[in-house]
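First residue of the sequence shown: 12, per the numbering used here; consecutive thereafter.
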Amino acid sequence: MISKMKLEMLPNELLLDLFEYFDCIYLLRSFFGYNNRFNHLIYIYLQTHQLNLEFISKDNFDLISQKYLSSLTHHIISLRLSNEQTPNLSNLLFSSNFTIDKFFYLQSLYLHYIPSLDILIEITYYCKNLIYLTDLTIIKCNINEKLKNCINLFHNIWNIPKLSYCNLDGIELKCFSLLFMSKISLTIKKLFIENISCDLSYLFCILNCTPNLEQLSTTIYSYSTNTNLDAIIQSMKSLKIYYQGSIDSLKTILSQMPNLTHLKIGTLDLIMDGNVWKQILNEYLSKIEIFQLKMKLEFEGNDTDVEKSVNQLLDSFNTRFWIEEHRWYVRCDWELSEITTYAFLYTLPYAFKTIYYLNECNTRSTCDDEEKYRSYKCVEMFENSYRKSMLLHNFNLVCDKFPNLRSLDVVLPFENHFNSHNIIFNQLTSLTARIQIASAYDQLQILFNRAPRLYSLRIIFWRKFSNKLFQLTSKTIRRVELGGMFSWCNEFTKDECIAFANSDLGHQCEVLSIEIENRNSVINLIEGMSNLRLLNFRSRDDRWDYRKIPSTENELIHWIQNHFSSTYEIIRNLEKPTSIQVWIDQQERKMKRDTKISKSGHKVSKVVSSVQKFFAKR
């Protein structure tokens, strides 16, 4: 290991290059406070790098918030907060007097998994004082509040003085309106609200509150017959929408955006052939350059009728307008069924992140040059979760077709022998495996071997899990979620918890979610898993009941607190209150373990010494 004194001999430029290979938290622990020169270099580093607290351990958070952060707030330009693997982090940060407005020069703020509207309102309230903040992202927060409770949140966001990029995909609302907002933002150029559903009136309220919007992503449901809307949005260049509604409402929306150059649209239960799309594009979107489409369709009738309908649909996209003028090719995949046939028609190359598996599907395309246009590089999520087991041949195609796949959701085992040599998932980081029978574990192990970057594993057991679970190995998995198909159908006993803690997966696991039979298993898991920093669990003997008085809420939490250090953060999950989160102080646990080993060694030493003295006397 190179000493700090030797590192001091290197020029600043080389030290900054070396810093690129280290995590920001590691740099702060290792070098901040060593001397003024290293402090200054870390200030420079923070001008181009994010302070990411999403995966920080409890002891590292305590150290940085208590020792370093007060000296860094005016140097941090990008901050990432999350309550998923660091429960209650935002409250702990603010209770230490580090409200968001203390980060005066902040330019980018990323909020992940903060399932509390009150916390989000508090954070965004202080953002109005951040005159350099241009980017705000709120992801996976699952806010399912009533509209009236959310107005303050949106009012705060629209009040951020220099905000231009606003990603609110983590907020879920079934209806949305800014009718009661008094603030208009002239600075927001890019707005992403994919999980907020709008009808026509709500959509135009958004557009009126952000008149300089250039890029919008949202979900629209509209069967309105009232098309008398005249809010022309000249600035809009790019639109991505998931749409369910009437063709007339869709025409109304697109007619208000004459300068649109990029349209990405997914539709549900709306059959529009190539002639209808051609008419819309020619009449309303004369400046369009990029057109990306995915339509989810349903057909009824026998196989012959369905195939005839599909052929007619594809023929309407096989004209001079589509093929020669624009080179916009489409493909249709459909799965034959006795009742209803489901189909997906999409432009090539495929332009969406998620794709769903159709078992034994038929497919047809308007493209002759498959090598050039049949690309699925955008696909990051593949789902087979509600279908029967996948055919191995089709799974081999998954690997070939989707080289950038990051998330995979499959039912195991496959229907025939799994030859791993033909399959490798270089980009896969998240795997959900739905285990049907014991033979699935062998195929799961093969998947582990072919996924060199796999970080997160979720296993859903359809039956009682096999002991083969404890034999699985992976060098990269750090996050594990274990659960049954239904609640409480696969809780772990004390012996099973100990077996998992002693397994290869248990030894390297940092984040574990599990259902347990008895609370005592919490001790076995935390003490037995040396790298564990967060435990999410549900216990069969938890007495918490939302229908009873609050005094029952903390009984199990108090029990855990009595067994562990006060530096642990122990709370109920805000989104799932039957689940308890234990954010572990790894340094304190290590000291406790070392002390126990030392005491044990001392006792052994005393016994040996006594035996030696006994025989010496004889």
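Note that CB positions come from ideal geometry on N, CA and C, so glycine has one too.
In this model, L147 and E507 are separated by some 43 Å (Cα to Cα). Apart from the 5 residues on each side of it in sequence, K289 sits with its Cβ closer than 8 Å to the Cβ of T330, F332 and W333 in its chain, given in chain order. Counting along the chain, S550 sits inside the beta strand (DSSP E) bounded by residues L545 to S550.
The beta strand (DSSP E) runs lying completely inside the stretch 107-131 and spanning 3 residues or more are 119-123, given in chain order. If you check the CB distance, L131 and L164 come in under 9 Å. Under DSSP, Q303 takes part in a beta bridge, and its partners are K275. For V321, the uninterrupted alpha helix (DSSP H) run begins and ends at D314 to D326, by DSSP. At least 9 Å separates the beta-carbon of I125 from that of L144.
In the DSSP assignment, Y353 forms a beta bridge with E309 and E346. A buried status is given to T97, since no fewer than 16 other beta-carbon atoms sit within 10 Å of its beta-carbon.
The residues R417, R464 and Y466, in chain order, have a CB closer than 6 Å to that of T440 in the same chain once the five nearest residues on each side in sequence are set aside. Annotation for E391: K364, N415, L416, R417 and S418 place their beta carbon closer than 7 Å to its own, counting only its chain and skipping 5 residues before and after. The stretch 110-119 makes contact with the stretch 79-90: 3 or more CB pairs, one atom from each, lie closer than 8 Å. Burial is judged here by how many other beta carbons sit within 10 angstroms of a residue's own beta carbon; E294 has fewer than 16 and is exposed. If you compare the alpha carbons of L202, N206 and I162 with that of E183, the shortest gap goes to N206. Here W594 is buried. Its C-beta has 16 or more other C-beta atoms within 10 Å.
Contact annotation, I446 with L423: C-beta distance approximately 6 Å; criterion of less than 8 Å satisfied.
Within the stretch 160-218, complete beta strand (DSSP E) segments of at least 3 residues are found at 176-178 and 201-209, given in chain order. Between the beta-carbon of I199 and that of T221 there is about 5 Å, and that keeps the pair under the 8 Å contact cut.
Shown here, Q592 sits in a strand according to DSSP, grouped into three states. Listed as beta-bridge partners of I582 by DSSP are Q592. Less than 9 Å separates the beta-carbon of E300 from that of T272. When secondary structure is reduced to three states using DSSP, N293 falls in the helix class. The beta carbon of S550 sits closer than 6 Å to the beta carbons of I527 and R530 from its chain, once the five residues preceding and following it are set aside; these are given in chain order. Nearest to S477 by C-alpha distance, out of F503, I457 and I350, is F503. D146 carries a strand assignment under DSSP once its states are collapsed to helix, strand and coil. Excluding sequence positions up to five before and after E566, its CB lies within less than 6 Å of the CB of R554, all in the same chain and listed in chain order. By the Cβ neighbour-count rule, F548 is buried, with 16 or more other Cβ atoms within 10 Å of its own. No Cβ-Cβ contact shorter than 9 Å links L281 with Y253.
Assigned with DSSP and collapsed to three states, Y54 falls in helix. Q58 counts as exposed, since fewer than 16 other beta carbons sit within 10 angstroms of its beta carbon.
When the beta-carbon positions are compared, I537 and R600 come within less than 9 Å of each other.
By the beta-carbon neighbour count (other beta carbons within 10 angstroms, threshold 16), M16 is exposed.
DSSP places K78 within a helical segment (H, G or I) once states are collapsed to three. Boundaries cannot be given for T221, as no beta strand (DSSP E) includes it and DSSP labels it neither H nor E. M306 and L347 have their alpha carbons spaced roughly 17 Å apart.
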